[in-house]
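Asker: Dropping a structure here in structure tokens format, bear with me for questions.
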Amino acid sequence: MRIATWNVNSINARLPTALTVIGGLEADIVCLQELKCEDHKFPREAFEDLGWNVATHGQKTYNGVAILSKLPFDEVLPRLPGDDTDEQARYLEAVVSTGGTAVRVASIYLPNGNPLGTEKFTYKLAWFERLRLRARELRDYEELCVLAGDYNVIPRDEDCYDPAAWKGDALFQPESRAAYRALLNLGYTDAFMAADGGIHRYTFWDYQAGAWPKDHGIRIDHLALSPQATDRLKSVKIHRAARGLEKPSDHVPISADLAI
DNA sequence: ATGTCGATACTTTATCGA
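Written out as structure tokens, the structure reads:
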């Protein structure tokens with residue numbers, strides 16, 4: 072089974088590109104982030120016509136997450152628990168099963184957190200802690216579980232071109248990295264690190280300043296695997312070519328192959 | 001040194017978020 076995650080940066084601004092990219096993934100499950108539309112504006116039929124089951128949790132203008140699955144959904148849970156006043160659509164969880172094996176997948180769009188010293192960074196860390204608490208609950212289910220998405224965290228210095236350029240950025244702060252490590256320390260495994268671990272392997276290149284032609288990217292899209300999922304991990308692929316297409320997202324998909 | 005993109009609205013350019 073191949074599980075992919077991709078920050079599409081508006082599903083409606085690049086639907087033809089998105090259909091091409093998603094088709095090329097040859098995935099069974101695709102987590103999407105930054106839909107930038109409400110649920111009724113998601114192009115559901117375009118995906119259903121291609122055989123996808125579609126679950127969305129969107130909002131107007133900002134954020135929004137979805138899960139596409141070739142297998143039917145047994146369960147769909149929008150919203151991250153822990154703060155009923157949080158109106159930002161950044162979390163969607165679903166369960167599918169095949170051959171008696173259940174797989175739980177979450178599509179995650181972690182807050183960016185910039186600029187530092189504002190409530191945006193505080194919100195990022197608070198949201199991260201809510202995610203950790205949910206991840207701890209899910210770990211104790213002892214299921215195959217994949218927490219996939221745009222974490223807005225650069226885990227290592229080697230996950231960016233120039234660490235000095237990111238020094239003052241929320242994605243590179245010690246607190247952000249510590250929060251990501253705390254999630255992994257529950258027992259989750261960063262699929263890329265387990266299967267590859269290479270340096271300067273990016274999933275995002277800014278639209279500005281020629282970041283893509285100069286390969287000045289960052290690795291911020293991650294798949295965190297529960298122990299049961301980690302035992303099944305075969306390989307991880309970063310779908311880098313997507314960044315060179317017409318009207319690309321600033322992120323590319325990353326996928327993990329599990330022996331299921 | 002510079003360089004972008006997408007959504008929105010008291011819109012046709014400014015603003016915000018990334």
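Residue numbers (the working numbering): 72 to 331.
Where a beta carbon is used, it is the ideal one built from N, C-alpha and C, also for glycine.
(1) Measure how close the beta-carbons of Leu181 and Arg161 come, nearest whole angstrom, since I'm counting them as under 8 Å.
(2) Which one of Thr132, Lys195 and Arg73 has the shortest CA to CA distance from Tyr251?
(3) Taking all protein chains shown into account, do 16 or more other C-beta atoms lie within 10 angstroms of the C-beta of Gly188, making it buried, or fewer, making it exposed?
(4) How many angstroms separate the CA atom of Ala98 from the CA atom of Glu158?
(5) Cα-Cα, which of Arg73, Cys102 and Gly94 is closest to Gly122?
(6) Just to check my reading of the structure: Arg163 and Ala137 have Cβ atoms closer than 8 Å, yes? What is that Cβ distance to the nearest angstrom?
(7) Between the beta-carbon of Ala265 and the beta-carbon of Leu202, is there less than 9 Å?
(8) Report yes if the C-beta distance between Asn223 and Gly184 is below 9 Å; otherwise report no.
(9) Using DSSP with H/G/I as helix, E/B as strand and the rest coil, what is Tyr162?
(10) With H, G and I counted as helix, E and B as strand and the rest as coil, what does DSSP make of Ile93?
(11) Rounded to whole angstroms, how far is the Cβ of Ile325 from the Cβ of His310, which I believe are closer than 8 Å?
(12) Are the beta-carbon atoms belonging to Gly153 and Gln104 less than 9 Å from one another?
(13) Can you give me the C-alpha to C-alpha distance between Pro245 and Gly170, rounded to a whole angstrom?
(14) Let me know the secondary structure DSSP gives Phe192 once reduced to three states.
(15) Can you say whether Gln299 is buried or exposed, counting buried as having 16 or more other CB atoms within 10 angstroms of its CB?
(16) Classify Ala126 as buried or exposed, calling it buried when 16 or more other Cβ atoms lie within 10 Å of its own Cβ.
(17) What are the complete beta strand (DSSP E) segments, minimum 3 residues, inside the segment 101-159?
(18) Using the rule of at least 16 other Cβ atoms within 10 Å of the residue's Cβ for burial, across every protein chain shown, is His111 buried or exposed?
Answerer: Well, looking at it:
(1) Within the first sequence, the letter at position 110 stands for residue 181. Within the first sequence, the letter at position 90 stands for residue 161. Indeed they touch by this definition, with Cβ atoms about 7 Å apart.
(2) Within the first sequence, residue 251 is the residue found at index 180, counting from 1. Among Thr132, Lys195 and Arg73, the Cα nearest to that of Tyr251 belongs to Lys195.
(3) Within the first sequence, the letter at position 117 stands for residue 188. Exposed, because fewer than 16 other Cβ atoms sit within 10 Å of the Cβ of Gly188.
(4) The residue labelled residue 98 in the question sits at position 27 within the first sequence. The residue labelled residue 158 in the question sits at position 87 within the first sequence. The alpha-carbon atoms of Ala98 and Glu158 are separated by roughly 30 Å.
(5) Against the first sequence, residue 122 aligns to sequence position 51. Per the Cα distances, Gly94.
(6) Start at 1 with the first residue of the first sequence, and residue 163 comes out as number 92. Start at 1 with the first residue of the first sequence, and residue 137 comes out as number 66. The question names Arg, but residue 163 is Leu in the sequence shown. Indeed, because the Cβ distance is near 7 Å, the residues count as touching under 8 Å.
(7) Numbered from its first residue, the first sequence carries residue 265 at position 194. Numbered from its first residue, the first sequence carries residue 202 at position 131. Not a contact, by the Cβ cut-off of 9 Å.
(8) The residue you call residue 223 lines up with position 152 of the first sequence. The residue you call residue 184 lines up with position 113 of the first sequence. It is a contact, given that the beta carbons lie within the stated cut-off.
(9) Reading the first sequence from its first residue, position 91 is the one you call residue 162. Reduced to three states, the DSSP call for Tyr162 is strand.
(10) Translated into the one-based positions of the first sequence, residue 93 becomes position 22. Ile93 falls in the helix class under three-state DSSP.
(11) The residue given as residue 325 occupies position 254 in the first sequence. The residue given as residue 310 occupies position 239 in the first sequence. Right, their Cβ atoms sit about 7 Å apart.
(12) In the first sequence, residue 153 corresponds to position 82, counting from 1. In the first sequence, residue 104 corresponds to position 33, counting from 1. Going by C-beta atoms, Gly153 is not nearer than 9 Å to Gln104.
(13) For this step, residue 245 is matched to residue 174 along the first sequence. For this step, residue 170 is matched to residue 99 along the first sequence. So the alpha carbons of these two residues sit roughly 42 Å apart.
(14) Here residue 192 refers to the residue found at position 121 of the first sequence. Correct three-state label for Phe192: helix.
(15) The residue you call residue 299 lines up with position 228 of the first sequence. Looking at its Cβ environment, which holds 16 or more other Cβ atoms inside 10 Å, Gln299 is buried.
(16) Mapped onto the first sequence, residue 126 falls at position 55. By the 10 Å Cβ count, Ala126 comes out buried.
(17) 124-128, 136-140 and 146-149
(18) Along the first sequence, one-based indexing puts residue 111 at 40. By the 10 Å Cβ count, His111 comes out exposed.
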